DNA sequence: CGTTACGTTTACGTGCGCGTCAACTTTGCT
DNA sequence: AGCAAAGTTGACGCGCACGTAAACGTAACG
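Protein chains in written order, with the working numbering: chain A, 5 to 137; chain B, 5 to 137.
The structure is reproduced here in structure tokens:
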């Protein structure tokens, strides 16, 4: 193992983000790197969280939304009340994601239809050319 | 038909957006309402585009990205060169969407795993309670 | 011991996606 | 003619997600 702890530079290289971004996420309480003196050291947990953060961003979630959702993937095994509350949230989130998936499939199909139309049009233009020759 | 043209108010109500948003999208060349004197009238085409715009936003695209993608769904049947270029773009976009779909499925599965873990934990806590009783 | 590399905090700047007045015109009713 | 409702064009403001520059710490290397 390479110490299992990454300094900010290696963390940035690993995820293709800037130091500013990592510090910003820490300030927003999305990441909790430990400190060696002044310097940040990113743990395996931070890496898991960052992966989820970046994924969340790709799907259009705000950092604040992501912050709330991150707990779902950790289930801090605290009190039952808290845990079950988190679980309910996770169910809702899951439903939202599946809805998004359905919408995405719809979007894909619509685009495919348009492309069939475009392909036809192109074939037609090609044919006209051939006739003209 | 109700004239097939919507004023700004009806357009807003139909899509749950504000007038500011519609004017903003027009300024960014995402929509092209026709003018009756001063006033904007939104066509069927504008409605189709707005639907795609809002969908694009839900998937985290910027307005500029969306603007470029909108043409894919219209295939302005201009020159063959332009049309085939658009078609290639559409293919790329389609690939990107299917990649996104795959990632979304992965995310869904991961969340489900976490939820199984959480459910187990909850069941365990419930059992402890029963035993204590 | 100086300097080079890497990291830190603090703070102001920036682009996007609108919100929010303010000031005006146009339209329809009475 | 008068007045309210609906729409218009600026123009400035704002929250988010960082970028960027300044000033400083500190550890290593020749």
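Note that CB positions come from ideal geometry on N, CA and C, so glycine has one too.
All values reported here derive from a predicted model rather than from experimental measurement.
What are the residues of the segment 85-119 of chain B that lie near chain A, defined by any Cβ-Cβ distance shorter than 9 Å? 87, 88, 90, 91, 94, 95, 97, 98, 101, 102, 104, 105, 107, 108, 109, 110, 111, 112, 114, 115, 116, 118 and 119
Unbroken stretches of the beta strand (DSSP E), 3 residues or longer, contained in the segment 11-82 of chain B: 38-40 and 43-45
Report all residues from its chain with a CB closer than 8 Å to the CB of residue 39 of chain A; omit the five preceding and five following residues, and keep chain order. 45
For residue 9 of chain A, which three-state DSSP category applies? coil
If we ignore side chains and look at the alpha-carbon of each, how far apart do residue 19 of chain B and residue 55 of chain B end up? 8 Å
Give me the residue from A:101, A:135 and A:113 with the minimum Cα distance to residue 65 of chain A. A:101
Determine whether the beta carbon atoms of residue 115 of chain A and residue 78 of chain B lie at a separation below 8 Å. no
Using beta carbons (cut-off 8 Å, strictly below), is residue 62 of chain A in contact with chain B? yes
Quick one: what's got a C-beta closer than 7 Å to residue 6 of chain A's C-beta in the same chain, skipping five residues either side? The predicted model places residue 6 of chain A with a pLDDT of 49, which falls under 50 and marks its position as unreliable; any figure quoted below should be read in that light. Contacts found: none.
Would you mind stating whether residue 108 of chain A and residue 61 of chain B have Cβ atoms separated by less than 8 Å? no
Going along chain B, which residues have a C-beta under 8 Å from residue 122 of chain A? 79, 87, 90, 91 and 94
Quick check: what's the CA-CA separation for residue 123 of chain A versus residue 13 of chain B? 38 Å
Touching by the beta-carbon criterion (3+ pairs, under 8 Å), the segment 117-134 of chain A and the segment 23-32 of chain B: no
Which residue wins for smallest C-alpha separation from residue 57 of chain B, given the options B:73, B:16 and B:92? B:73
Does any residue of chain B bring its CB to less than 8 Å from the CB of residue 71 of chain A? no
Span separating the alpha-carbon of residue 132 of chain B from that of residue 93 of chain A: 24 Å
Name the chain B residues whose beta carbon is nearer than 7 Å to that of residue 125 of chain A? 79, 81 and 87
Could you please tell me which residues of the segment 34-53 of chain B, in chain order, have their CB closer than 9 Å to any CB of chain A? none
Applying the 10 Å Cβ sphere with the 16-neighbour rule, what's the burial state of residue 111 of chain B? buried
Whose Cβ in chain B lies nearer than 9 Å to the Cβ of residue 76 of chain A? 115, 118, 119 and 122
Chain A contact for residue 129 of chain B (CB, 8 Å cutoff): yes
Does residue 6 of chain B get closer than 8 Å to chain A when you measure Cβ to Cβ? Only weak support is given to the placement of residue 6 of chain B: the predicted model assigns it a pLDDT of 49, under 50, and the question is left unresolved by the model.
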